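In the working numbering, the protein residues as written are 1 to 506.
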Amino acid sequence: MKIDQFPSDMQPHVIPEIHGEYVYRCLGCGSCFGIGELLYTCPRCDSVLLIEDRQWDRLKEVPGAKWRRIFDYRKMLNIPALSGIYRFHELIGSIIPLEDIVFLGEGHTPVILANEALSDWAGIRFCFKNDGQNPSASFKDRGMASAFSYLNYLISKRGVREVLAICASTGDTSASAALYASYLSRDVKSAVLLPKGLVTPQQLGQPLGSGARVIEIPGVFDDCMKVVEYLSENFSVALMNSKNAWRILGQESYSYEIAQAFDYEVGGLAVVAPIGNAGNITAVMAGFLKMYDLHIIDSLPAVIGVQSEHANPVYLYYLEAEEARRQFRPVTVRLSTAQAAMIGNPVSMPRVIKLVEQYRKIAGEGSVRIVQISEQEIMDSMLFANRNGHVACTQGGECLAGIRKAVAENKIDKDRTAILDATAHALKFAVFQDKYFEDTFEPEFEVTPKPELQNAPLSISLPDSVPNPAKGKLSPEQFKEFVEYTSSIIAGILDLKQLKREKRKR
1 MKIDQFPSDM QPHVIPEIHG EYVYRCLGCG SCFGIGELLY TCPRCDSVLL
51 IEDRQWDRLK EVPGAKWRRI FDYRKMLNIP ALSGIYRFHE LIGSIIPLED
101 IVFLGEGHTP VILANEALSD WAGIRFCFKN DGQNPSASFK DRGMASAFSY
151 LNYLISKRGV REVLAICAST GDTSASAALY ASYLSRDVKS AVLLPKGLVT
201 PQQLGQPLGS GARVIEIPGV FDDCMKVVEY LSENFSVALM NSKNAWRILG
251 QESYSYEIAQ AFDYEVGGLA VVAPIGNAGN ITAVMAGFLK MYDLHIIDSL
301 PAVIGVQSEH ANPVYLYYLE AEEARRQFRP VTVRLSTAQA AMIGNPVSMP
351 RVIKLVEQYR KIAGEGSVRI VQISEQEIMD SMLFANRNGH VACTQGGECL
401 AGIRKAVAEN KIDKDRTAIL DATAHALKFA VFQDKYFEDT FEPEFEVTPK
451 PELQNAPLSI SLPDSVPNPA KGKLSPEQFK EFVEYTSSII AGILDLKQLK
501 REKRKR
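Next comes the structure, spelled out in structure tokens:
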């Protein structure tokens with residue numbers, strides 16, 4: 001839709017202006033630093049950072065109802081830079097010029113309502129938001145679009161050259177970072193660090209296909225993260241993990257899209273997210289808090305974070321009811337099917353603590369809950385969801401298991417509608433489906449397949465007396481015999497009923 005076709009009061013606003021004063025703010029000491037260079041931790045106290053717009057209050061001059069109209073009309077534009085997460089440009093990166101925005105098709109993933117059978121099984125009406133339909137097949141593309149747009153801004157406006165983008169990953173981050181780096185290949189190269197043997201073949205193939213240097217090291221993700229942190233502190237590299245605060249900004253788009261999809265009426269929702277490095281749940285809360293502050297939404301949804309028993313540091317932290325007695329302790333992870341969340345020392349934990357406090361202050365103590373589920377529940381939930389029309393990954397299964405647990409434990413009102421984050425496409429984690437179907441899980445996973453959820457192909461063997469097209473070309477008569485014999489076998493397997501045909505009168 002062209003600008004002159006919009007209502008006159010919208011025409012000056014649908015294409016955003018470049019303004020704002022962005023700074024890194026330390027969550028530890030409160031110090032602020034300019035964004036002219038990449039910072040990941042506070043130079044003074046080493047705590048993590050969030051990005052803040054010092055001119056945020058200027059956005060409050062626009063009524064919330066008008067913001068809703070701006071974002072809704074902006075959907076109709078045919079401008080690539082505003083087609084993805086930057087539809088919400090003023091909330092995500094208002095200093096980034098449109099010509100520097102990197103758009104690869106990320107964002108605005110579908111919200112799919114569960115059918116009646118699946119909703120009854122979960123005990124609540126719910127939808128999956130299929131973030132596996134992002135370009136690299138995971139939600140990570142939201143944060144990468146923001147981080148690489150900022151990097152592109154530094155390249156084009158501040159003369160930065162020869163950038164090496166680097167990250168540690170359980171699989172999804174590396175695929176996304178390598179993809180976005182390849183789009184800027186003239187100025188940006190990428191390298192990824194992976195825990196050897198703990199990434200699915202599909203995820204390993206993605207950064208290789210994008211041309212990244214893939215380095216496998218011993219240990220788990222937390223070990224890779226320590227190495228990449230050391231590299232970012234001592235060498236000239238651009239860190240692309242969620243320690244990079246620009247990643248969090250981009251991932252806030254998930255909340256903005258949910259609000260828009262439900263006509264900005266989110267008070268009756270429960271947003272469910274798996275927790276790994278904790279950047280995702282950080283962004284979910286931050287996004288809704290921003291919209292609430294601007295009166296774009298008039299209430300906050302409930303937020304439920306989910307962790308496996310095999311990687312549960314955030315759950316254990318909030319298990320302590322008294323805030324003053326809580327103490328964060330990293331955990332040693334065990335093998336998990338929710339591989340993207342198999343993290344024992346999440347770098348965004350300080351952000352989570354700060355934002356949970358802010359969220360609960362506005363929406364009440366029960367507005368943010370953390371639940372724990374088993375590996376068995378993750379796999380059973382993923383498979384049952386996908387038996388009912390979805391393409392959920394193991395983290396999507398984790399969310400479904402989590403909402404079932406929250407309902408069973410009366411931690412959520414059954415009258416709400418839950419939005420579950422299927423963070424990646426099921427195909428990225430097909431290896432775990434294979435293990436379930438073939439009953440080949442290592443004992444450490446603690447998963448026992450249920451026969452009713454297993455599946456396997458059936459192979460038809462032909463006796464020597466039946467013509468076989470695999471052995472050579474058949475005559476028409478032979479091929480007819482093959483078709484009729486094979487069809488009779490399949491009809492028996494599927495318990496098909498023979499059609500009754502009336503004989504035609506001559």
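From the three backbone atoms N, C-alpha and C, an ideal C-beta is built for every residue, glycine too.
Since this is a predicted model, take the numbers as computed values, not measurements.
Does DSSP put residue i in a helix, in a strand, or in coil?
| i | result |
| --- | --- |
| Gln372 | strand |
| Ile95 | coil |
| Leu164 | strand |
| Leu400 | helix |
| Asp187 | coil |
| Asp53 | strand |
| Glu216 | strand |
| Asn388 | coil |
| Ala238 | strand |
| Ile419 | strand |
| Val111 | strand |
| Phe103 | coil |
| Val23 | strand |
| Leu11 | As written in the sequence, residue 11 is Gln, which differs from the Leu given in the question. In this structure, Gln11 counts as coil in the three-state DSSP scheme. |
| Leu118 | helix |
| Met225 | helix |
| Ser516 | Here the chain has residues from 1 to 506 only, and residue 516 is not among them. |
| Thr486 | helix |
| Ser381 | helix |
| Val199 | coil |
| Arg329 | coil |
| Ala408 | helix |
| Asn152 | helix |
| Lys352 | The sequence given here places Val at residue 352; Lys does not occur at that position. Helix. |
For residue i, write down the residues that DSSP places opposite it in a beta bridge.
| i | result |
| --- | --- |
| Ser138 | Ala424 |
| Ile79 | Note: Ile79 sits in no beta bridge, so no partner. |
| Pro476 | Answer is none; Pro476 lacks a bridge partner. |
| Val192 | Cys167 and Val214 |
| Arg74 | In DSSP, Arg74 forms no bridge with anything. |
| Asn244 | In the DSSP output, where bridge partners are listed per residue, Asn244 has none listed. |
| Thr41 | Val48 |
| Cys127 | Leu113 and Ile419 |
| Gly34 | Val23 |
When the distance is taken between beta carbons, is residue j closer than 7 Å to residue i?
| i | j | result |
| --- | --- | --- |
| Tyr315 | Met379 | no |
| Pro350 | Pro330 | no |
| Ala273 | Gly305 | yes |
| Leu50 | Arg25 | yes |
| Ala168 | Ala181 | no |
| Glu21 | Arg54 | yes |
| Asp10 | Tyr86 | A small fix is needed here, since residue 10 is Met in this sequence, not Asp. Not closer than 7 Å, so no. |
| Phe288 | Leu300 | yes |
| Gly397 | Ser381 | yes |
| Glu99 | Gly84 | no |
| Gly64 | Leu294 | yes |
| Ser176 | Ser136 | yes |
| Phe221 | Pro195 | yes |
| Phe126 | His390 | no |
| Glu252 | Ala286 | yes |
| Thr170 | Ala406 | no |
| Ile248 | Gly267 | no |
| Arg68 | Ile296 | yes |
| Ser210 | Thr423 | no |
| Glu444 | Leu335 | yes |
Tell me, to the nearest whole angstrom, how far the beta carbon of residue i is from that of residue j; I am working on the premise that it is less than 8 Å.
| i | j | result |
| --- | --- | --- |
| Ala338 | Thr394 | 5 Å |
| Lys140 | Asp172 | 5 Å |
| Val227 | Ser255 | That belief does not hold up - the Cβ atoms of Val227 and Ser255 are roughly 32 Å apart, past 8 Å. |
| Asn386 | Ala426 | 6 Å |
| Leu474 | Pro463 | Between Pro463 and Leu474 the Cβ distance is about 15 Å, and since that is not below 8 Å, they are no contact. |
| Asp421 | Asp131 | 6 Å |
| Thr440 | Ile460 | Rounded, the Cβ-Cβ distance is 25 Å, inconsistent with contact. |
| Val333 | Gly344 | 4 Å |
| Ile92 | Ser146 | 6 Å |
| Ile101 | Ser156 | Incorrect: roughly 11 Å between the Cβ atoms, too far for contact. |
| Met225 | Val347 | 7 Å |
| Ala212 | Leu151 | Not quite, the Cβ-Cβ distance comes to about 15 Å (not below 8 Å), so this is no contact. |
| Ala178 | Pro207 | 4 Å |
| Val192 | Ser174 | 4 Å |
Quick one: which unbroken alpha helix (DSSP H) runs of 4-plus residues sit fully inside the segment 247 to 320? Chain order, please. Within the segment 247 to 320, the complete alpha helix (DSSP H) runs of at least 4 residues are 253 to 261, 279 to 293 and 313 to 319.
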